[in-house]
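A.B. asks: A single structure is presented below for examination.
Protein chains: 2
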Amino acid sequence: MAGGGQRTETASGSSFDLATAVRGGPERWTAEVDPGWTVAGRPNGGYLLALVTRAALEAVGQPHPLAVSGHFLSPAEPGPAALAVRVLRAGRSLSTARVTLAQEGAARLEALVTAGRVDPDVDPGWRRATGPPDLTPVEDCLPGRPELPGGVPARLLSHLDLRLDPATAGWLAGRPGGRLEMRGWVRFADGRAADPLALLQVVDALPPASFELGLASWAPTVELTVYLRGLPAPGWLACVVAGQLWQGGWFDEQAEVWDSAGRLVAQSRQFAGARPAAPAGDAEPTP
Amino acid sequence: MAGGGQRTETASGSSFDLATAVRGGPERWTAEVDPGWTVAGRPNGGYLLALVTRAALEAVGQPHPLAVSGHFLSPAEPGPAALAVRVLRAGRSLSTARVTLAQEGAARLEALVTAGRVDPDVDPGWRRATGPPDLTPVEDCLPGRPELPGGVPARLLSHLDLRLDPATAGWLAGRPGGRLEMRGWVRFADGRAADPLALLQVVDALPPASFELGLASWAPTVELTVYLRGLPAPGWLACVVAGQLWQGGWFDEQAEVWDSAGRLVAQSRQFAGARPAAPAGDAEPTP
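Chains as they are written, first to last, in the numbering used here: chain A, 1 to 287; chain B, 288 to 574.
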């Protein structure tokens, strides 16, 4: 790690590393929110969380995020962004930083990042009996296309190779499955290997689970927390997303990401807004 | 709500409200971390999260927390604390504040609090088919006592009436069940009604699930996120906690809290450290 200051390493030159590059430091960084990591013109929440986490890792000099919590404050847009980083703890095994991403003087996202080192060789001391999800094989899944039904552009899917499990793809054909559930395979289109930073993007790569409730309106994320549990083995990542309750315009969804070796490598949970296409209420999810 | 400044309302005069009272505002608050809400002399994480959230609610003038994320930075102690609050968003339906709790100049906890109003009359638009947990009836559960095995004081359990499900109480008799799981009933001992603020305490009221893995050493919370989903009906709250993976000294646990009307009122997830009683490694969970 650079450990504060200088330009970020983007060793691989991958599109993800270029789109999450940060410059400056140690407390004031700049970045370009990339127009390519968007759906309907809006930057993806996981992408933004990865961007701010990169600045946090640089500032604290730790290799991996372990627990990241982001609160989304106002809609971000492609273009320049300023990142303010404050180191809250600088420890040997754990460091924590706060990052605020602002555009045109307005805060878009604030995140707390606790970082350390994910041991590549560690084995589970205990794990839940139910292991990796039983997804439909990649070759029988539906490739994500950079355009959603209705002509909505999903440029994110030019960068992420996404394969939706037909079991949760009913919404694509206008027949949502009726459950808060979304499953599929994810990898970077340019072959970049996944690491804990990239998993912050992967946990938010699938379409919102609310689409399977027939809530095709936009689903603004209010809060997104991610735990990074392992270094992924090469290959496809299996992603399963499920929610428990949609009520009063809010729903939760939690994601698990499993690597090709059958190991749980990331867990996330988010709180998001979703309303029917023709809203009856007067309250908006965001002010 | 007071809406910034002045002394906090502690209408009920309950021990929870007294222990989470904050004074000052709108950006600088003071509080007393109460010695009664501790286990082994350490303030409970859910208690601290409720304390900082009370300051956030006062500062933004919203009635209820909706999504709260806290990163625990260093061990808090009973005694005076300073709370710095920064309002990050002030909206009609959603507001967000950051709160930093410090003691003797050192940051102990930083939290992001998104707040709004939980509608008391809303019904689920959709919910997962599996409903309230099938806990052992209250009268057949084990009452929590303010002293853990080994004589460790758990003063928290003078304030919280806790009834542990025998199915996850094997650790009490030296026969841990072997799974990251903990279940039980919770209510305030003095009869205070639960509300979304109090649920921040309730999600962290049960002993760490790691005790059922035989990891009886202290389990320091690194990150704790809570979503508040409803206003609880009067009566006992059913709490179920389950984790997925203990690896490299870290484990996750998620909690659900269900009210006496069978409604999900809170969801939480935490990332915490737990090591065997005689640690072989050299890394400490906290620096």
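We put the CB at the ideal spot given by N, CA and C, even for glycine.
(1) Using the C-alpha atoms, what's the distance from B:G431 back to B:D539?
(2) Which residue wins for smallest C-alpha separation from B:A343, given the options B:T317, B:P322, B:G332, B:L360?
(3) Candidates B:E543, B:L305, B:F475: which alpha carbon is nearest B:Y514's?
(4) Short of 8 Å Cβ to Cβ, which residues in the region 192-219 of chain A face chain B?
(5) Extract the residue ranges of the beta strand (DSSP E) inside the region 431-481 of chain B, only unbroken runs of 3 or more that lie entirely within it.
(6) Who are the near neighbours of A:T136 in its chain, counting only those whose CB is closer than 7 Å to its CB and skipping five residues on each side?
(7) Output needed for A:L162: all residues of its chain with C-beta closer than 8 Å, excluding positions within five of it in sequence on either side, in chain order.
(8) In whole angstroms, what separates the C-alpha of A:A216 from that of A:P176?
(9) Using a threshold of 7 Å, state whether the C-beta atoms of A:E58 and A:G24 are closer than that.
(10) Does the beta carbon of B:T307 sit closer than 7 Å to a beta carbon anywhere in chain A?
(11) Over the uninterrupted alpha helix (DSSP H) stretch that includes B:V425, give me the two end residues.
(12) I'd like the ranges of any alpha helix (DSSP H) spanning at least 4 consecutive residues and lying wholly in the region 215-259 of chain A.
(13) Please give me, in chain order, every unbroken run of the beta strand (DSSP E) with length at least 3 that falls completely inside the region 345-385 of chain B.
(14) Would you call the region 124-140 of chain A and the region 66-84 of chain A in contact, with 3 or more CB pairs under 8 Å?
(15) Checking contacts by CB at 7 Å: is A:A115 closer than that to chain B?
(16) Compute the beta-carbon to beta-carbon distance between B:T387 and B:A394, rounded to the nearest angstrom, for a pair I have assumed lies under 8 Å.
(17) If you compare alpha carbons, which of A:P276, A:S210, A:N44 is closest to A:V203?
(18) On the premise that B:S302 lies in contact with B:G323, defined as a C-beta separation below 8 Å, what is that separation, rounded to the nearest angstrom?
(19) By Cβ distance below 6 Å, which residues in the same chain neighbour B:A520 in space, the five residues on each side in sequence not counted?
(20) According to DSSP, B:E319 sits in a beta bridge with which residue or residues?
(21) So for A:R54, helix, strand or coil by DSSP?
(22) If you drop the 5 nearest sequence neighbours on each side, which residues of the same chain put their C-beta closer than 7 Å to that of A:V245?
(23) Any beta carbon from chain A within less than 7 Å of B:V347's own beta carbon?
(24) Would you kindly report the start and end of the unbroken alpha helix (DSSP H) that includes B:S555?
(25) Measure the alpha-carbon distance for B:T340 versus B:A369 and round it to whole angstroms.
(26) What residue range is occupied by the uninterrupted alpha helix (DSSP H) comprising A:V202?
(27) Does any residue of chain B bring its CB to less than 7 Å from the CB of A:A76?
(28) Are the Cβ atoms of A:Q331 and B:V409 separated by less than 7 Å?
(29) Name the two residues that bound the continuous beta strand (DSSP E) containing A:L109.
(30) In the DSSP assignment, the beta strand (DSSP E) including B:G418 goes from what residue to what residue?
(31) Return yes when the Cβ of A:F271 is within less than 7 Å of the Cβ of A:V222, no when it is not.
(32) Going along the region 332-358 of chain B in order, which residues come within less than 9 Å of chain A, judged by CB to CB distance?
(33) Near A:V113, what residues of its chain come up, given a Cβ to Cβ distance below 7 Å and the 5 sequence neighbours on each side ignored?
(34) Using three-state DSSP, classify B:G290 as helix, strand or coil.
(35) Would you identify the three-state DSSP class for A:L18, choosing helix, strand or coil?
(36) Report yes if the C-beta distance between B:L487 and B:G333 is below 7 Å; otherwise report no.
C.D. replies: Result, derived from the coordinates:
(1) Going by the C-alpha atoms only, they are around 23 Å apart.
(2) For B:A343, the nearest C-alpha among the options comes from B:T317.
(3) Ranking B:E543, B:L305, B:F475 by Cα distance to B:Y514 puts B:E543 first.
(4) Of all residues in the region 192-219 of chain A, L213 have a Cβ within less than 8 Å of some Cβ in chain B.
(5) Here the runs fully enclosed are 447-451, 468-475.
(6) Excluding residues within five positions, the ones whose Cβ falls inside 7 Å are D165, P166, A167.
(7) Around A:L162: P143, G144, G184, W185, V186, A205, L206.
(8) The C-alpha of A:A216 lies about 10 Å from the C-alpha of A:P176.
(9) With a cutoff of 7 Å on beta-carbon distance, A:E58 and A:G24 are scored as not near each other.
(10) Not one chain A Cβ lies under 7 Å of B:T307.
(11) Note, B:V425: premise wrong, no alpha helix (DSSP H); not H, not E.
(12) At a cut-off of 4 residues, not a single continuous stretch assigned as alpha helix (DSSP H) sits fully inside the region 215-259 of chain A.
(13) The DSSP assignment places complete beta strand (DSSP E) segments of no fewer than 3 residues inside the region 345-385 of chain B at 351-359, 366-377, in order along the chain.
(14) When Cβ pairs closer than 8 Å are counted between the two stretches, the region 124-140 of chain A is seen not to touch the region 66-84 of chain A, the count staying below three.
(15) Not an interface residue.
(16) Contact check for B:T387 and B:A394: beta-carbon distance about 6 Å, within the 8 Å limit, so the pair qualifies.
(17) If we check each option's Cα against that of A:V203, A:N44 comes out closest.
(18) Taking the Cβ atoms as the reference, B:G323 lies roughly 7 Å from B:S302, within the contact range of under 8 Å.
(19) Counting only Cβ-Cβ distances below 6 Å, and skipping sequence neighbours, we find D546, S547, A548.
(20) Paired residues: B:P367.
(21) DSSP places A:R54 within a helical segment (H, G or I) once states are collapsed to three.
(22) One point to set straight first is that residue 245 of chain A is Leu, not Val, in the sequence displayed. Hits under 7 Å: F251, D252.
(23) Chain A, which has no Cβ nearer than 7 Å to the Cβ of B:V347, makes this no.
(24) Element bounds for B:S555: not the alpha helix (DSSP H) but the beta strand (DSSP E), 551-560.
(25) For B:T340 and B:A369, the distance between alpha carbons rounds to 13 Å.
(26) Taken as a continuous stretch (DSSP letters only), the alpha helix (DSSP H) holding A:V202 covers 196-202.
(27) Not one chain B Cβ lies under 7 Å of A:A76.
(28) Nothing can be reported for residue 331 of chain A: it is not among the residues displayed for chain A, which extend from 1 to 287.
(29) Per DSSP, A:L109 belongs to the beta strand (DSSP E) from 106-116.
(30) Note, B:G418: premise wrong, no beta strand (DSSP E); not H, not E.
(31) Yes, the Cβ-Cβ distance between A:V222 and A:F271 is below 7 Å.
(32) If the cut-off is 9 Å between Cβ atoms, the region 332-358 of chain B has L353, A354, V355, S356, G357, H358 near chain A.
(33) Only residues of its own chain outside the window of five on either side were considered, and among them T53, A56, P65, V68, T96, A97, V99 have a CB closer than 7 Å to the CB of A:V113, listed in chain order.
(34) Residue placement at B:G290 cannot be trusted, given a pLDDT of 42 that sits under 50; the coordinates are not used to answer.
(35) The answer is helix: DSSP assigns A:L18 an H, G or I state.
(36) Cβ atoms of B:L487 and B:G333: closer than 7 Å.
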